[in-house]
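All the letters of the sequence shown, read from the start, carry residue numbers 29 to 349 under the numbering used here. Here a beta-carbon is modelled for each residue, glycine too, at the ideal position from N, C-alpha and C.
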Amino acid sequence: MRSQRPRCNPRSAYDCLDDPEEATGLPGNSFLICTGQQRGSTSNPHLVGDGGPEAPLPGTRLPVRSLPLPLAAGSDALRASSRPAPGRARRAALLRALGIRLVSGEGGRLEWFGCSKETPRCFGTVVGDTPAYLYEQRWTPPCCLRALRETARYVVGVLEAAGVRYWLEGGSLLGAARHGDIIPWDYDVDLGIYLEDVGNCEQLRGAEAGSVVDERGFVWEKAVEGDFFRVQYSESNHLHVDLWPFYPRNGVMTKDTWLDHRQDVEFPEHFLQPLVPLPFAGFVAQAPNNYRRFLELKFGPGVIENPEYPNPSLLSLAGSG
Ligand SMILES: [Zn+2]
29 MRSQRPRCNP RSAYDCLDDP EEATGLPGNS FLICTGQQRG STSNPHLVGD GGPEAPLPGT
89 RLPVRSLPLP LAAGSDALRA SSRPAPGRAR RAALLRALGI RLVSGEGGRL EWFGCSKETP
149 RCFGTVVGDT PAYLYEQRWT PPCCLRALRE TARYVVGVLE AAGVRYWLEG GSLLGAARHG
209 DIIPWDYDVD LGIYLEDVGN CEQLRGAEAG SVVDERGFVW EKAVEGDFFR VQYSESNHLH
269 VDLWPFYPRN GVMTKDTWLD HRQDVEFPEH FLQPLVPLPF AGFVAQAPNN YRRFLELKFG
329 PGVIENPEYP NPSLLSLAGS G
């Protein structure tokens with residue numbers, strides 16, 4: 029993704045900071061921040077730098093803004109973490125004020141300014157399946173994606189060790205089918221599990237009785253919305269993986285709690301016989317076989333090529349640009 033750094037676009041949604049020292053009181057050289065609104069780029073608009081570690085999303089165009097900002101990236105004073113650097117705090121405050129969560133610096137050096145295991149996640153309660161950042165024409169903050177990936181990898185490891193059959197579900201399967209990762213505007217991860225396997229897993233058995241914080245700080249619990257499980261990143265950070273128990277009935281996988289989502293439907297068990305490996309979020313997860321047909325059964329024809337936001341009646345990807 030490395031490319032020539034574009035000049036500041038004075039029509040961008042953010043003001044350009046052409047006079048670094050006046051604007052911030054910081055010394056230093058100019059440093060491009062890609063924060064959205066640049067046609068054709070697929071950078072996450074929370075990400076600063078040359079595109080950084082976020083994988084481009086084939087077939088999807090994201091509005092991206094570009095903003096040159098004086099980050100003093102070459103400043104020894106700001107690089108040296110071993111001595112006091114008043115500018116560092118001001119720079120961090122400025123970046124946070126701009127909604128920047130990640131700075132991709134020279135040599136691939138990453139600086140995080142977003143959420144962590146010790147803080148709340150970067151967005152509030154999701155209303156109508158539409159997280160607030162979508163209304164700001166932004167996608168999932170990279171810190172939140174990082175936490176979701178870590179939680180998903182951990183949960184899958186626990187399930188596999190316990191012998192719980194699981195598979196990627198819903199938007200998570202869609203992201204895996206498209207580009208082997210969480211779809212870049214998603215706010216959780218969904219897995220299906222066999223209900224009869226729940227008893228194999230100590231953490232899930234514990235969650236039946238109440239909320240359990242495991243030795244890694246993840247929180248296992250029954251979801252308040254219905255008869256499914258939820259694993260949260262931490263007690264502070266509620267980014268989560270949902271586990272949906274299904275059971276077979278006459279060759280059809282069904283369950284007892286249904287949400288008002290198009291993809292929340294019964295499906296033939298043969299999609300799970302066998303499960304197939306599929307790269308997802310930095311590891312290899314289990315997925316339904318013929319996952320294209322599975323996804324089209326749930327979301328409709330052509331969904332892999334033409335995905336939509338979770339609730340297009342509120343906010344539509346196709347209608348956003
Ligand atoms: Zn975050």
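Give a single yes or no on whether P212 has its beta carbon closer than 7 Å to a heavy atom of ligand 1.
-> no
Under 7 Å Cβ to Cβ from P159, same chain only, skipping five residues before and after it: list those, please.
-> F151 and Y215
Under three-state DSSP, which class holds Y194?
-> strand
When the distance is taken between beta carbons, is D242 closer than 8 Å to A309?
-> no
Between the C-alpha atoms of V331 and S344, what's the straight-line distance to the nearest angstrom?
-> 14 Å
In DSSP terms, what V269 is bridged to = V217 and V259
Contact shell at 5 Å, judged by CB to any heavy atom of ligand 1, ordered along the chain | G142, C143, C150, P169, C171 and C172
Hey, is the region 314-323 in contact with the region 270-284, meaning 3+ C-beta pairs nearer than 8 Å?
-> no
Check the C-beta distance from C172 over to L271 and give it rounded, since I have them as a contact under 8 Å.
-> Actually they do not touch by this definition, with Cβ atoms about 19 Å apart.
For G191 versus D225, is the C-beta spacing smaller than 8 Å?
-> yes
Cβ-Cβ separation, G198 to Q291 (assumed contact under 8 Å), whole Å | 5 Å
Which listed residue (W140, H207, P148 and E297) has its alpha carbon closest to that of Y261 | P148
Contact set for L325: own chain, Cβ-Cβ below 7 Å, skip 5 residues either direction | F295
DSSP three-state call for A309: helix, strand or coil?
-> coil
In three-state terms, what does DSSP make of L343?
-> coil
Per DSSP, which residues does T147 bridge with? Please list them.
-> T147 is not bridged to any residue.
Per DSSP, cross-strand counterpart(s) of R277 | V280
Tell me whether S132 is buried or exposed, calling it buried when 16 or more other Cβ atoms sit within 10 Å of its Cβ.
-> buried
What are the boundary residues of the alpha helix (DSSP H) that includes E230?
-> E230 to A237
According to the neighbour-count rule (16 or more other Cβ atoms, all chains shown, within 10 Å of its Cβ), is G142 buried or exposed?
-> buried
Just how far apart, CA to CA, sit P335 and H207?
-> 12 Å
Taking only the alpha-carbon atoms, compute the straight-line gap between R107 and K145 and give it to the nearest angstrom.
-> Interpretation of R107 is limited by its pLDDT of 48, a score under 50 that renders its predicted location unreliable; the figure taken from the coordinates is listed afterwards. Near 25 Å, if we compare the C-alpha coordinates of K145 and R107.
What residue from F246, C229, L187 and F327 has the CA that sits closest to G203's CA?
-> F327
Under the rule that 16 or more other beta-carbon atoms within 10 Å means buried, what is T70, buried or exposed?
-> Low confidence applies here, because T70 scores a pLDDT of 41, under 50, leaving its location unreliable; read the following figure in that light. So T70 counts as buried.
Buried versus exposed call for L342 [16 or more other C-beta atoms within 10 Å across all chains shown] | exposed
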